[in-house]
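Written out below as structure tokens is the structure these notes cover.
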Amino acid sequence: MPIQTQLPTWTAVAPTLLLGLTALVLFLADSIDPDSTRPTALAGISVLGSVAALAVAGWFLLAGTGQEGGAIELYGGSLVVDGLSLFFTVLFASVAAMVSLASYDYLRGHAYQAEFYSLVMLAATGMSLMGSAGSLATVFVSLELASLPSYALVAFLKDNRGSVEAGLKYFLVGAVSSAVFVFGISLVYAATGSLLLSDVAGAIGSAGDLVGIAGVGVVMIAGGFAFKTASVPFHFWAPEAYEGAPAPISAFLSSASKAAGFAVAFRVFAVAFPIESVVPMGIDWPLLFAVLAVITMTVGNFAAATQENVKRMLAYSSVGHAGYALIGLAALSGGGPNGNVMGASMAHLLVYGFMNTGAFLFIAMVEHWEVGRTFEDYNGLATRAPVACLAMTVFMFSLAGLPPFGGFLSKYALFYGAIQGGFWWLAAVGAINSALSLFYYSRVVKAMWIEDPSGSFDLGSTPLGLYAAVMVAAVGTLLLLPAFGPVVETAQSAATALFA
Amino acid sequence: MIIEALIAITFVASMAVLLAPDEWAGRLAAALSLLPVAGSLYMWSRFDATGNALTGGDLAFETMIPWLELGGYTINWHVGVDGIGLPLVVLTTVLTTLAIVSAWTPIDDRQSQFYGLMLFMEANLLGVFTALDFFVWFVFWEAVLLPMYFLIGVWGGPRRKYAAIKFFVYTNVASLAMFIGFVALVFGLGDSVSSLDMPAIAQALRAGELGSLYGIPAATLRSVAFVAMFLGFAVKVPVVPFHTWLPDAHVEAPSPVSVMLAGVLLKMGTYALLRFNFTMLPETATAFVVPIALIAVVSVIYGAMLALAQQDLKRIVAYSSVSSMGYVILGLVAYTTYGVGGATFQMIAHGLISGLMFMSVGVIYNATHTRMVGDMSGMADRMPVTVGILVAGAFGYMGLPLMAGFAGEFFIFKGAFASTVHAAMPLFTAVAMFGIVVVAGYLLFAMQRTLFGSFRLETDYEVGPAALHETAPLAVLLATIILLGVAPDLFFGMIQDAVDPLLDFGGDLS
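Note that the protein sequences, when read in sequence, are chains F and S.
Every position in the first sequence, counted from 1, becomes a number in my numbering once 1310 is added.
Every position in the second sequence, counted from 1, becomes a number in my numbering once 1 is added.
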């Protein structure tokens, strides 16, 4: 029995509402006790709220909400709840929970803690809305709702020059991208007369003389997504922002925010600009994304290989991973097994959400220990913190795509999907890049385990929240190997529904 | 479900040991590793299978559970053992326990991590020898590399980082070549297979259902895939000229790790050659018989020559592995019951004997802190028991009757002489047999200089008899070697059962 017959329709957005509500509860807690010196309560509310959202979204996903019997539409189709939006909400809520848990230790002694957590929750709400956006207007609004808190969060360490600079850079690039994006929307509106994705799809085929305008609009919209997903050529902000931001925020941005960009890009391009009708008109956006995917992978990986700073290496590798995920848009073709490759891309983003968040949180832990930032500073770290280093090893090998970790299967599924769609050359470029990435990921592992310590470590106390979050991410990365079957099947059926 | 239990228990044990304090990690690891030993011996006692896992017949302890579906191909959790897999499972569990015990003396740093990794490697090795779905198998196959990389890189000798990276890069690139070759075959089969199940794929390939792929005709595809897979596995075996990572890895690895490397990891290569190249593409293998037999013979002779030229005891044993594994390849390509069965038997025999050799060289090194032939002589005066076992092991290596090595080599030569795959096979066999002489040469030469004569040692260490926990694993190994030499049928019967269906293919055998 489909769930929508039992509950009022608006409850379908309950996961998103829960995230937003948590942000409001945090504001309330802050107004009651503005000088709170008890971060436990704030972090606790934040974790609880995101876990609740995760649980509800997971329940809906399993119950088939918005999947059996078609997507649930609210506000005349401006918000859509279906498999895709629920799948990504699970991802955002998991990352938000891990980041909140980890921030408990990272923020110790900082002012404005309640603001920090509520900004994280607001950003998560925005991301979740991005996944549900059914009209270009809600796409834009939710994208801004996700972005504005992120700018503030990157600059959160306001006594730290790097953090403020990164925030400013992120904000400026973001503002320009938003302008480009919203202008693209207006051009599409001009050509089709609608903002609703399904109506755009219906009208764009008969755009007639306005096809040129629509094409420019599509390219500009793609630019907006390239910014959000840190893809070339709008990736310049990413390494700076990830490096300057507090490490839990780097984790949040590089996995959840990036995934949000993909969530909305998948929906907009699959639903509003159907390949069958726009490609014959000359708007060949799969080709555009194919070029972007190849360049993004290659640029990200080569830049990552030359870094000396671990956090910066991860930042560039995150650009590289945006390139892999772009295969989900690039390997689409009229009539091909499009749902498979896009679903594989979604599954990769979910695995990435765990392994990449975990890697950045490990860096947060190392920053907490004040060990240092370069590969050399990591030398021999495993002699002092073997279990944490084991977790980091899991993340690194999983990011590189080695078995027996989740990243191996998700990359395999992704490249396999591309080959199936006839894009074997994209898969080949991806596989070569993936093999190259082993070089810089294994440098971290080598430094931690094999090199002798170059100095003495004084690690001090174990940060419990951070430690727990890293462990959750590591266990998640490991469990996603045996549990990958249901994950990829859910993702692929959700993606296939978009092309129906 | 006993195979799952075995793998799961070993995984859990590795985690438990990793978290244990260093002081008793070694004891705990040895105690926990007895569980898989007991499990594998139980499997052996209850073993009941008549057939080959890939080509049909009954399979023991089989489980098949659907796992996931990727683009039309089902991936199952499919495990089971036949007469080829079971001996290797027993070898893995027994050798791991002995290697762990033999590590108590030399490993004095970060013990819990060391033993945890050893058990982690064991769990994955068990997976390699039991998995029957390509995907599951590949996950285990690659996962073996990770602990080995750390075991060499962290606990190895002075050039450990170089050796670890070289090992990792060589074998990883080899795996990639193999992977591409195999996947090309699966794609080439088109609709005739719907899963990555190895038995299904093997049977489809043997039935000649391979089609063309991207315009490449089936015959070419078969040859290219065969070569890609052969290269991938040949690096692991290793055969000349892909053997250069092996001496580096062996010399730098601590002795217990060398035991695992020579005893079990090299068998992964020949096991996979048997399962993939020689089972799935028998016609192609018989077409390539001359180059393969040539590689085998060159490996035998050249490996033995290299061993003869070494000054380091461990290097001698390391190069001798290249030589011995050459026999295994020769047996495989012979395509007779005795050839292929003997090759499988020789995998076990070589695992035990090379394990014994590395372990006893390790015991001598622990006592003297040198492995150079020129630095010592007359060790027999000070360590009579260890030296006695080492000499016995060396005789096993040379193929002394009533020891496992004799049985293995005898079966291989018998099978290779009788082989009809190519007219030149008897010639190749005769040349390869000459290798025995060289083996005897370098082993006797090295032993005569280091073990016998008057005692002399060019280090500052006082040398006395080895401790009980150093001698006991050697004794167990020697007893097993003799047991298998006296009664090869403990394993050979089941090996034959599994090998026979494999030889039954319609191809041209002449």
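Glycine included, C-beta positions come from ideal geometry on N, C-alpha and C.
For A1723 of chain F, the C-beta contacts it makes with chain S under 7 angstroms involve L71, in order along the chain. At a Cβ-Cβ threshold of 7 angstroms, A1570 of chain F and S1428 of chain F do not count as neighbours.
At a cut-off of 7 angstroms between beta carbons, F1749 of chain F makes no contact with chain S. Around W68 of chain S, the beta-carbon contacts reaching into chain F at under 7 angstroms are G1795. Under a criterion of Cβ atoms nearer than 8 angstroms, the residues of chain S adjacent to I1760 of chain F are, in order, F151, G154, V155, R161, K162, A165.
Burial check for I66 of chain S: the Cβ neighbour count within 10 Å stays below 16, so the residue is exposed.
Counting only runs of 4 or more residues that sit fully inside the segment 1399 to 1455 of chain F, the alpha helix (DSSP H) segments are 1423 to 1442, in chain order.
Remark: C-beta atoms of G1633 of chain F and T1606 of chain F approach each other more closely than 7 angstroms. If you draw a 10 Å sphere on the C-beta of G1554 of chain F, you find 16 or more other C-beta atoms in it, and that means buried. Secondary structure note for H79 of chain S: its beta strand (DSSP E) is the uninterrupted segment 74 to 82. The beta carbon of E459 of chain S sits no closer than 7 angstroms to any beta carbon of chain F. Buried is the label assigned to P257 of chain S, since at least 16 other Cβ atoms lie within 10 Å of its Cβ. Distances from the CA of L1389 of chain F to each of F:L1712, F:Y1414, F:V1409, F:A1324 were compared; the closest alpha carbon is that of F:A1324.
Neighbourhood of E123 of chain S in chain F, by CB distance below 7 angstroms: empty, with the nearest CB roughly 14 angstroms away. Nearest in C-alpha terms to G409 of chain S, of all of S:V422, S:D490, S:V364, S:V439, is S:D490.
Under the three-state reduction of DSSP, I1382 of chain F is assigned to strand. For the 7 angstroms CB-CB criterion, G1690 of chain F and D1768 of chain F do not form a contact. Annotation: I1585 of chain F to L1497 of chain F spans about 19 angstroms, alpha carbon to alpha carbon. Put simply, the CB of A144 of chain S is near chain F, with a gap under 7 angstroms to one of its CB atoms. The DSSP-derived three-state label of E459 of chain S is coil.
Interface annotation, Y1726 of chain F: in contact with chain S, CB-CB separation under 7 angstroms. Sequence-distant Cβ neighbours of I349 of chain S in its own chain, meaning closer than 6 angstroms and more than five residues away, are P88, L92. Under the 7 angstroms criterion on CB atoms, P1763 of chain F is classed as non-interfacial with respect to chain S.
In the three-state DSSP reduction, G1668 of chain F falls in the helix class (H, G or I).
Beta-bridge partners assigned by DSSP to S1341 of chain F: none are found. The residues R1683, T1684, in chain order, have a CB closer than 6 angstroms to that of N1619 of chain F in the same chain once the five nearest residues on each side in sequence are set aside. In the three-state reduction of the DSSP assignment, F1809 of chain F falls in the coil class, being assigned neither a helical nor a strand state. Not flagged as an interface residue toward chain F: V334 of chain S, since no C-beta distance is shorter than 7 angstroms.
Listed along chain S, the residues sitting closer than 8 angstroms to E1799 of chain F by beta-carbon distance are L69, E70.
Contacts with chain S (Cβ-Cβ distance below 9 angstroms) from the segment 1677 to 1702 of chain F involve A1692, T1693, P1696, V1697, L1700, listed in chain order. Note that the C-beta distance between F227 of chain S and L282 of chain S is below 7 angstroms.
Assigned with DSSP and collapsed to three states, W68 of chain S falls in strand. Each residue's CA atom was taken as its position, placing M230 of chain S and I217 of chain S some 18 angstroms apart. At a cut-off of 7 angstroms between beta-carbon atoms, V260 of chain S makes no contact with chain F. At a Cβ-Cβ threshold of 7 angstroms, A144 of chain S and P1714 of chain F count as neighbours. Identification of chain F residues near F139 of chain S by a Cβ-Cβ cut-off of 8 angstroms yields P1713, ordered along the chain.
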